[in-house]
Each structure stands twice: as C-alpha cells, then as structure tokens.
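Beneath this line is the structure, given in structure tokens, with notes to follow.
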Amino acid sequence: MNTPKPVLSKIEQAPQTLRDIVQDRMRTAIIEGHFAPGERLVERPLCDQLGVSRTVIRETIRYLEAEGLVDILPNRGPIVAKLNWDQARQIYDIRRQLEGAAAAHCAENHGPNFPKRLKKALSDLSARMNDSEWIGVMSATTRFYQVIFEEAGHTIAWDIVQRLNGRISRLRVLTLSAPDRTSPGISHMTAISDAILSRDATAANMAVQAHIADASAIARRFLSDEKEVGSGSA
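Just so you know, we're using numbering that gives the first Met the number 0 here: the sequence shown kicks off at 0 and counts up by one.
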C-alpha cells in the first residue's frame, strides 16, 4: 500500500530579517521626513536607537543609497539625499510612460479574476487615506499599482518602478498632502480603476496622465520655492 507523501504548505510571505526591518524603518523615517534632507546619518546614534550593530547600519545605508534616498559624500559620510525639481521631473516622466502603458495594456487584456483584486486594492487605499502615518498610504498605493503592472504583464517595468519607489514615495508625501490639488489623489486612482475595468485603454492612459500631471504641477511649485525637498509624491 502506497502512503501518500505529505504536502507542505506554501509560505505566503518570508519572515523579515533584521536587516530588512532596519531598512524598512530607516526608509520610512526618510520618506516621512523624520530625517531632514541633507541631515547626516551618524552610525553610533543609529546603532543605539535601533539596537543593532554598525555592520547592519552600514549595509542599510548602502542599500538606501542604491534607492536614491541616501548620498555618501567625501569627508562627510552619508546624508539624507536632497531632491530637486530636475530629479522629480525625470521621475514623473518615467512614471508617465510606464504607468500609462501598464494601465492601457491592463485595460485591454485583464482576466476575469482581476476586477475583484483591483477593487480590493482601491478599497484598501481609500481606507488608508486618513491614516495619521503616511507609510500605510504609501504601501497601499504601491500595491494598487503592483496589481495593475502584474496583470498587464509589465514585470520589467515594475522592477524599474520599484527601484524608484523610495523617491516616488517622498514625492507622494509632498503632493498627497497639498491642499491645492486639482483633484484628491483617491479620485485619480478611482478614475484609473474605472477606465481599466471598462476596458477603455485610451481612458486608462489619460487618467494616468491626468494624475501625474496634477502631482507634477504641485511638486514643481513646491520644489521651485524650496529648491530641494526630502519628503515625497503621488
């Protein structure tokens, strides 16, 4: 008699390592403005605050440098990267191309199970909009876009967006909180969702363009006044 082999349950999410936790906390602190643009990141105080070794802090700083959130200056060491309008403009240009194409392709090709996932992502984002901490909004926004990119099959484009995500989030914090937006951020997301679910590729692309144009205009006004900023966009 053959005994069936036991089936192992799938690991839905790998546990975070200590380095992952430290990276998340420092990334969040930079995005939410707890570390000011240009502020030095001194190893010893960070070790004491987080209760980790200098090795972990150094690895984290190198990782955040690769994300564009930290600059390492000669004779000064690591500082929180500053963000100016020229950098922001380039980020918005990239987003306009990649997000517009993903939304349009998703509208034309999404499968029968997709509407439920997109509506859930939009609902989760809407529920987070009044959170006292920005990181929940950022995570929900990232998830909304991830659902669209994955359904579109634009995996390489999503990898590029992910590499920019730290700087995108800094801009999001800036523009989502601005009182002079043309439309609230959630209205733009709803328009993108509605166009995709209606299978209207042109409308989906236009909704993305309107969303980014709104955010870009606010960021430009702010960055032109302040010259550089350390928190984030929509």
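Idealized CB from N, CA, C, for every residue including glycine. Quick caveat: nothing in here was measured; it's all calculated off a predicted structure.
Taken in chain order, the complete beta strand (DSSP E) segments of 3 residues or longer contained in the stretch 50-88 are 69-72, 76-79. With 16 or more other Cβ atoms from the protein chains shown falling within 10 Å of its own Cβ, threonine 174 counts as buried.
Here DSSP, grouped into helix, strand and coil, assigns arginine 198 to coil. In the DSSP secondary-structure assignment, arginine 127 is not bridged to any residue. Looking from the CA of aspartate 23, the closest CA among Asp47, Val41, Glu66, Arg43 belongs to Glu66. One Cα belongs to glutamate 107, the other to alanine 200, and the distance between them is close to 6 Å.
Residue pairing by DSSP places arginine 24 opposite no residue, since no beta bridge is assigned to it. Inter-residue distance for alanine 102 and cysteine 46 is about 43 Å (C-alpha atoms, whole angstroms). The secondary-structure analysis by DSSP pairs arginine 39 across a beta bridge with Ile78. For arginine 142 against alanine 120, the beta-carbon gap comes to about 5 Å, under 8 Å, which counts as contact. Under the three-state reduction of DSSP output, leucine 163 falls in the coil class, being neither helix nor strand. Between the stretch 198-217 and the stretch 89-97 there are three or more inter-stretch CB-CB distances shorter than 8 Å, so the stretches are counted as touching.
Its chain contains Arg116, Leu117, Ala120 as the residues whose beta carbon lies nearer than 6 Å to that of valine 146, once the 5 sequence neighbours on both sides are disregarded; these appear in chain order.
When secondary structure is reduced to three states using DSSP, glutamate 149 falls in the helix class.
The DSSP-derived three-state label of threonine 189 is helix.
Straight across, the Cα-Cα distance linking isoleucine 90 with alanine 28 is about 21 Å.
Between arginine 26 and glycine 135, the C-beta spacing is not below 8 Å. For arginine 43, the number of other beta carbons within 10 angstroms of its own is below 16, and it is reported as exposed. In terms of CA proximity to alanine 87, Ser168 leads the group Ser168, Pro77, Thr59.
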